[in-house]
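In this note's numbering, the protein residues as written are 134 to 527.
Backbone N, C-alpha and C fix where the C-beta goes; we use that ideal spot for every residue, glycine too.
Okay, structure first, notes after.
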């Protein structure tokens with residue numbers, strides 16, 4: 134415990150020094166100099182045609198994939214064990230899963246973690262895996278004990294300096310990259326507006342929308358610039374709830390207008406800033422869709438997020454084994470509803486024993502015409518484009 138406190142103090146001191154040295158400035162590593170010439174601008178514009186050409190191999194890849202491979206790409210799963218084993222091999226080579234999530238049960242120290250992530254990729258015979266983790270800083274961290282810890286989002290919000298948030302996000306990303314991780318379920322874009330909300334609390338950057346937006350986006354861009362995929366969460370906003378969705382189903386009673394004017398704002402700004410993945414939470418918006426959690430709601434995902442907010446990149450569920458879901462229906466049923474609602478990836482962190490049933494249920498819906506293969510292909514295309522963008526595909 135004393136070592137952990139020391140590491141956090143050391144990290145906080147370094148971030149505070151960044152704050153003092155940078156003032157209010159905010160500069161990303163990949164910012165383009167304003168003195169760019171007209172010839173250079175023409176060259177940049179000419180890359181649009183190249184990008185269109187690069188999409189064709191993805192279409193060809195999708196056309197060559199089996200149905201099992203396509204469905205597998207839409208699943209990120211947890212597993213037991215800290216070494217590559219038969220269960221992991223079955224998940225990758227029989228069920229063709231598109232990614233895995235690591236928990237404390239999978240991690241002993243940094244060397245073991247590197248060996249595990251390397252083995253996962255080496256034993257994957259098809260498309261590269263998402264190897265994901267929850268690393269928000271603060272109390273939500275899966276990093277091994279021999280790796281320095283990062284401050285909570287709320288601490289970053291108190292500093293309230295974009296460069297500090299960016300550098301912290303980038304350092305999180307570099308740390309994860311060294312350990313073999315390529316996707317991070319962070320940052321949290323929830324606004325801590327309800328003091329009775331224990332599940333969010335200091336995981337949020339602030340009680341103020343403006344601080345959550347600026348610090349969250351700077352953190353997101355720092356993670357991105359380390360070549361790690363950031364997942365902003367928990368749309369449509371988990372900050373004004375009192376029930377912990379790990380154990381029960383939270384309900385938000387705000388009107389759609391109230392949500393647009395507060396909870397949605399950090400997500401809207403993240404979309405405008407080019408975020409690639411949004412996690413949808415297991416909360417009911419009573420005035421929007423009183424029958425379904427957001428993660429299973431076509432109104433929330435297809436109508437609000439996709440159409441109104443114009444987000445056409447990857448949408449992932451929160452963990453489908455959480456109490457908010459299992460208290461009202463089976464995981465299998467929830468996964469079907471989530472796909473029908475417009476989600477691209479199902480997160481099954483603690484329900485890996487049910488993957489076969491989930492896959493078979495999706496196949497049955499396809500055969501019955503209740504889910505179209507065109508929809509599956511659209512999701513797979515988003516997923517493969519994401520993997521290509523972050524240099525996971527040749």
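| Which whole-angstrom value describes the C-beta separation of residue 403 and residue 456, a residue pair presumed to lie in contact below a C-beta threshold of 8 angstroms? | Between residue 403 and residue 456 a beta carbon distance of about 27 angstroms is seen, past the 8 angstroms cut, so the two are scored as non-contacting.
| request: Using alpha carbons as the reference points, say which of 261, 508, 355, 394 lies closest to residue 200. | output: Cα-wise, what sits closest to residue 200 is 508.
| task | Starting from residue 363, follow its DSSP beta bridges and name the residues at the other end. | result | DSSP output for residue 363 lists 317 as bridge partner(s).
| said: For a test of the three-state rule: what should DSSP assign to residue 412, helix, strand or coil? | reply: Strand.
| request: Take every Cβ of the stretch 274-282, pair it with every Cβ of the stretch 327-341, and state whether three or more of those distances are shorter than 8 angstroms. | output: Because the criterion of three Cβ pairs below 8 angstroms is not met, the stretch 274-282 and the stretch 327-341 do not touch.
| field | Member of 221, 332, 257 whose CA lies at the smallest distance from the CA of residue 383 | value | Measuring from the Cα of residue 383, the nearest candidate turns out to be 332.
| request: May I ask you to list the residues that DSSP assigns as paired with residue 268? | output: According to DSSP, which records beta bridges pairwise, residue 268 is partnered with 274.
| query | Given that a residue counts as buried once 16 or more other Cβ atoms are within 10 Å of its Cβ, and exposed if not, what is residue 231? | reply | Buried, because 16 or more other Cβ atoms sit within 10 Å of the Cβ of residue 231.
| query | Do residue 505 and residue 499 have their CB atoms nearer than 9 angstroms? | reply | Against a cut-off of 9 angstroms, the Cβ pair of residue 499 and residue 505 comes out as a contact.
| query | In this structure, does DSSP put residue 372 in helix, strand or coil? | reply | Judged by DSSP in its simplified three-state form, residue 372 adopts coil rather than helix or strand.
| Is it right to say residue 502 is buried, meaning 16 or more other beta carbons lie within 10 angstroms of its own, or is it exposed? | A residue is called buried once 16 or more other Cβ atoms fall within 10 Å of its Cβ, and residue 502, having fewer, is exposed.
| task | Compute the distance between the beta-carbons of residue 373 and residue 396, then report whether it is under 9 angstroms. | result | If you check the CB distance, residue 373 and residue 396 come in under 9 angstroms.
| message | So for residue 338, helix, strand or coil by DSSP? | response | Residue state, collapsed to three classes: coil.
| request: Just tell me which of 419, 460, 301, 433 has its CA closest to the CA of residue 379. | output: When only C-alpha atoms are compared, the closest one is 460.
| message | As a quick exercise: from 255, 295, 234, 439, pick the residue whose alpha carbon is nearest that of residue 368. | response | Looking at the Cα atoms, 439 is the closest of the given residues.
| query | How about residue 364 and residue 265: are their beta carbons less than 9 angstroms apart? | reply | Yes, they are a contact pair.
| query | What is the rounded straight-line gap between the Cα of residue 180 and the Cα of residue 242? | reply | With a pLDDT of only 41 at residue 180, under the threshold of 50, the placement of this residue in the model should not be trusted; the figure read from the coordinates follows. If you draw a straight line from the Cα of residue 180 to the Cα of residue 242, it comes to about 43 angstroms.
| query | Closest by CA to residue 422, which one among 295, 387, 294, 210? | reply | Of the listed residues, the one whose Cα sits closest to residue 422 is 387.
| So, is the C-beta of residue 496 closer than 9 angstroms to a C-beta in chain B? | Given the protein chain composition of this structure (a single chain), no chain B is represented.
| query | Who does residue 417 pair with in a DSSP beta bridge? | reply | Note: residue 417 sits in a beta bridge opposite 384.
| message | Going by DSSP in three states, residue 175 sits in which element: helix, strand or coil? | response | At residue 175 the pLDDT is 47, less than 50, meaning the model places this residue with poor confidence; the figure from the coordinates comes in the next sentence. In this structure, residue 175 counts as helix in the three-state DSSP scheme.
| said: Using only CA atoms, which one of 377, 409, 414, 352 lies nearest to residue 370? | reply: Check the Cα spacing between residue 370 and each of 377, 409, 414, 352: the tightest is with 414.
| task | Following the continuous alpha helix (DSSP H) through residue 332, name the residue where it begins and the one where it ends. | result | Per DSSP, residue 332 belongs to no alpha helix (DSSP H) and is neither H nor E.
| task | Please classify residue 343: is it buried, with 16 or more other beta-carbons within 10 angstroms of its beta-carbon, or exposed? | result | Result: exposed.
| query | Leaving out five residues before and five after residue 352 in sequence, what residues of the same chain have Cβ atoms less than 6 angstroms from its Cβ? | reply | Once the five neighbours on either side are set aside, the close Cβ partners of residue 352 are 298, 302, 320.
| Rounded C-alpha distance that separates residue 390 from residue 399 | Rounded to whole angstroms, residue 390 to residue 399 spans 15 angstroms at the Cα level.
| request: Using beta-carbon positions only, say whether residue 483 and residue 436 come within less than 9 angstroms of one another. | output: No. Outside cutoff.
| task | Within the same chain, show all residues whose beta-carbon is closer than 8 angstroms to that of residue 256, passing over the 5 residues directly before and after it, in chain order. | result | Its chain contains 217, 221, 222, 225, 226 as the residues whose beta carbon lies nearer than 8 angstroms to that of residue 256, once the 5 sequence neighbours on both sides are disregarded; these appear in chain order.
| message | Considering only the alpha carbon of each residue, which of 510, 475, 492, 447 lies closest to residue 197? | response | With distances taken between Cα atoms, residue 197 lies closest to 510.
| message | Please report the distance separating the alpha-carbon of residue 366 from that of residue 417. | response | C-alpha of residue 366 to C-alpha of residue 417: approximately 15 angstroms in a straight line.
| said: I'd like the list of long-range same chain contacts for residue 526, defined as Cβ closer than 6 angstroms, with 5 residues on each side in sequence excluded. | reply: Once the five neighbours on either side are set aside, the close Cβ partners of residue 526 are 520.
| message | Looking at residue 250: is its Cβ nearer than 9 angstroms to the Cβ of residue 260? | response | 9 angstroms or more divides the Cβ of residue 250 from the Cβ of residue 260.
| message | Here's a check: name, in chain order, each residue in its chain whose Cβ is nearer than 8 angstroms to the Cβ of residue 488, leaving out the five neighbours to either side. | response | Once the five neighbours on either side are set aside, the close Cβ partners of residue 488 are 208, 210, 224, 228, 230, 481.
| request: Taking only the alpha-carbon atoms, compute the straight-line gap between residue 409 and residue 219 and give it to the nearest angstrom. | output: Computed Cα separation, rounded: 32 angstroms.
| For residue 478, which beta-bridge partners are listed by DSSP? | Answer by DSSP bridge pairing, in chain order: 449.
| query | If you compare alpha carbons, which of 268, 215, 280, 272 is closest to residue 248? | reply | Comparing Cα positions, the closest option is 215.
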